[in-house]
Amino acid sequence: MLNKENIYYCGLELNRASEQRKDAHWLDRQWRHNQCRIYLLHENRNLMRWNRDSNEMPVAVSHQRVETEAILPIFESMVFLGLDKDVPLFAADLSARDESDLLNLPGDQDLIDLREAGWLLSNQEAALLAYARGLLYWNKHNRYCSNCGSIAESRQGGHLRLCSSQQCGRMHFPRTDPAVIMLVEDLSDPGTPRCLLGRNSRFPERLVSTLAGFVDPLESLEETVVREVFEEAGVHVDRVSYQASQPWPFPSSIMLGFRARAISTEIKVDGVEIAEAHWFTPDQLKTFGEWGDGGEGYCLPRRDSIARYLIESWMNEVG
Ligand SMILES: [Zn+2]
8 MLNKENIYYC GLELNRASEQ RKDAHWLDRQ WRHNQCRIYL LHENRNLMRW NRDSNEMPVA
68 VSHQRVETEA ILPIFESMVF LGLDKDVPLF AADLSARDES DLLNLPGDQD LIDLREAGWL
128 LSNQEAALLA YARGLLYWNK HNRYCSNCGS IAESRQGGHL RLCSSQQCGR MHFPRTDPAV
188 IMLVEDLSDP GTPRCLLGRN SRFPERLVST LAGFVDPLES LEETVVREVF EEAGVHVDRV
248 SYQASQPWPF PSSIMLGFRA RAISTEIKVD GVEIAEAHWF TPDQLKTFGE WGDGGEGYCL
308 PRRDSIARYL IESWMNEVG
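Counted from 1, the sequence shown has number 38 at position 31 by the numbering used here; the numbering is strictly sequential.
Have a look at this one:
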């Protein structure tokens with residue numbers, strides 16, 4: 008059973024050293040620390056060790072600075088993640104290099120998309136790799152000042168980019184895009200509670216999940232929930248209540264989880280963004296398979312998603 012404490016990508020136990028990292032000299036000392044470790048990425052894929060033919064779970068791979076020095080000089084971007092006890096952790100995007108340069112480093116490793124393997128890693132490793140990926144992604148896509156177009160230089164270990172123009176000098180901070188995700192329940196028949204799940208047209212054929220959408224400018228989170236459920240499924244809701252949240256750096260969101268009560272039950276999907284949506288009882292949900300299990304019939308979203316938490320916590324309460 009998923010609970011709030013073990014939602015994937017949450018609960019990263021790392022000292023981000025938010026104050027110390029403002030000091031360039033301190034940051035330089037961390038980089039030269041003899042235990043310093045670095046996590047390398049290539050085109051949004053993280054280094055992991057994973058023998059898919061065995062039953063072993065994947066593990067995150069990091070390297071000592073000295074192991075990587077030969078390939079680091081052309082790194083596109085380097086960020087400071089924080090201190091794991093006293094060990095400084097950095098991450099670098101080496102997409103400009105051939106991927107074999109990373110794969111040939113000491114150790115046994117592959118470049119793997121966290122979306123594929125994240126839910127098989129330990130929660131701490133999944134969170135750390137997701138943090139590295141999200142922060143590097145933001146740096147890579149914010150090399151120029153959005154105000155004046157000048158080069159924006161990395162500061163504070165990649166937690167700030169400063170416009171290099173003296174006339175402008177604007178500071179840019181890592182951005183997170185809020186999105187809501189909601190379990191809509193129909194309690195009109197008290198003996199048979201149901202919840203609304205839909206299949207986005209981009210999803211695999213069998214996968215149904217809670218509805219979700221981005222927050223529009225000048226919209227409260229509750230208003231986004233009401234609007235999105237109506238736009239995607241034609242269902243009116245009220246009693247929107249917050250449940251939990253999950254960082255989702257794919258590429259740069261935070262998912263804000265809600266529950267809402269249906270005040271109409273007729274479903275009307277647009278057939279474009281949402282291919283299908285249905286009401287399901289807890290007993291029906293219990294028969295659903297797992298994503299990738301090769302079975303037939305519907306399957307639930309993966310265990311590393313807050314969608315799964317919203318569904319399981321609802322089943323636990325009503326079922
Ligand atoms: Zn500027």
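Backbone N, C-alpha and C define an ideal beta-carbon position, used for all residues, glycine too.
(message) So, with DSSP's three-state summary, where would you put V68?
(response) coil
(message) With the cut-off set at 7 angstroms, would you say I119 and T75 are in Cβ contact?
(response) no
(request) Please report how far the alpha carbon of P256 lies from the alpha carbon of A219, in whole angstroms. (result) 15 angstroms
(request) Note down, one range per segment and in chain order, each alpha helix (DSSP H) of at least 4 residues found wholly within the stretch 181–240. (result) If we require 4 residues or more, the alpha helix (DSSP H) runs fully inside the stretch 181–240 come out as 228–240.
(message) Report the start-end ranges of each beta strand (DSSP E) in the stretch 124–161 that is 3 residues or longer and not cut off at the edges.
(response) none
(request) Taking only the alpha-carbon atoms, compute the straight-line gap between E105 and D245 and give it to the nearest angstrom. (result) Note that residue 105 corresponds to Asp in the displayed sequence, not to Glu. Each residue's Cα considered, the two are about 52 angstroms apart.
(request) Would you kindly work out how many angstroms separate the C-alpha atoms of Y138 and C43, rounded to a whole number? (result) 17 angstroms
(message) On the CB-based measure, 16 or more other CB atoms within 10 Å of its CB, does M178 come out buried or exposed?
(response) M178 should be labelled exposed.
(message) So C306 and E297 are supposed to be a Cβ contact under 8 angstroms. How far apart are they, rounded?
(response) 6 angstroms
(message) So, for A267: in the same chain, excluding its five sequence neighbours on each side, which residues have a beta-carbon less than 8 angstroms away from its beta-carbon?
(response) M189, L190, V191, E192, V232, V233, V236, V244, D245, R246, V247 and S248
(request) Please state whether DSSP places G18 in a helix, a strand or coil. (result) coil
(message) Taking the alpha carbon of W126 as the reference point, which residue from L47, K293 and N13 has its own alpha carbon closest?
(response) N13
(message) Which residues neighbour ligand 1 when neighbourhood means a C-beta less than 5 angstroms away from any of its non-hydrogen atoms? List them by chain order.
(response) C152, N154, C155, S157, C170, S172, C175 and R177
(request) Note down the Cα distance separating S161 from R168, rounded to an integer number of angstroms. (result) In a straight line, the C-alpha of S161 is about 5 angstroms away from that of R168.
(message) Quick check on G302: buried or exposed, where buried means 16 or more other Cβ atoms within 10 Å of its Cβ?
(response) exposed
(message) Mapping the DSSP letters down to three states, classify P95 as helix, strand or coil.
(response) strand
(message) Would I281 and E239 qualify as a contact pair, given that the criterion is a beta-carbon distance under 7 angstroms?
(response) Yes, the Cβ-Cβ distance between I281 and E239 is below 7 angstroms.
(message) Going by DSSP, what residue range makes up the alpha helix (DSSP H) through S107?
(response) E106 to L110
(request) State the DSSP-derived secondary structure class of R177, mapped to helix, strand or coil. (result) coil
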